[in-house]
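> The sequence shown runs 87 to 164 under the numbering used here. C-beta atoms are modelled at their ideal positions from N, C-alpha and C, and glycine is treated no differently. Questions regarding the structure given below will be posed in turn.
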Amino acid sequence: MSVTSVMNLLTVSKAKAQFSGIARKVVRSKRPVIVRVPNGFIQIAPYDLPEEVPAAPQGSLKLLPRELERHNTFGETL
Numbered sequence: 087m088s089v090t091s092v093m094n095l096l097t098v099s100k101a102k103a104q105f106s107g108i109a110r111k112v113v114r115s116k117r118p119v120i121v122r123v124p125n126g127f128i129q130i131a132p133y134d135l136p137e138e139v140p141a142a143p144q145g146s147l148k149l150l151p152r153e154l155e156r157h158n159t160f161g162e163t164l
């Protein structure tokens, strides 16, 4: 089985001309499309936004004394 039978393979010219339709199809089908460009290949793939994580309640996170010393120093020694 070849790559083209598993994934949709397009030329860059066709991808540019039909980008809006291709993008909608990729999002709807959840299947990536491979585009051949002069120096290789690129992939147009659906992207699912990660679930939002709520902020921790105020005061629920406690820092140790050493962590407080290094807080906001990006690990640089004091």
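1) Determine the direct distance from the alpha carbon of TYR133 to that of VAL113, and round the result to whole angstroms.
2) Using 10 angstroms around the beta-carbon of VAL119, count the other beta-carbons present and answer buried if the total reaches 16, otherwise exposed.
3) Assess, as a yes-or-no matter, whether the stretch 120-130 is touched by the stretch 97-107 under the definition of 3 or more beta carbon pairs within less than 8 angstroms.
4) So, is SER91 buried or exposed, given that buried needs 16 or more other C-beta atoms within 10 angstroms?
5) Helix or strand or just coil, what does DSSP make of LEU154?
Reading off the structure:
1) 8 angstroms
2) buried
3) yes
4) Low per-residue confidence applies at SER91: pLDDT is 47, beneath 50, and the placement is therefore not dependable, though the value from the model is reported in the following sentence. Flag for SER91 reads exposed.
5) helix
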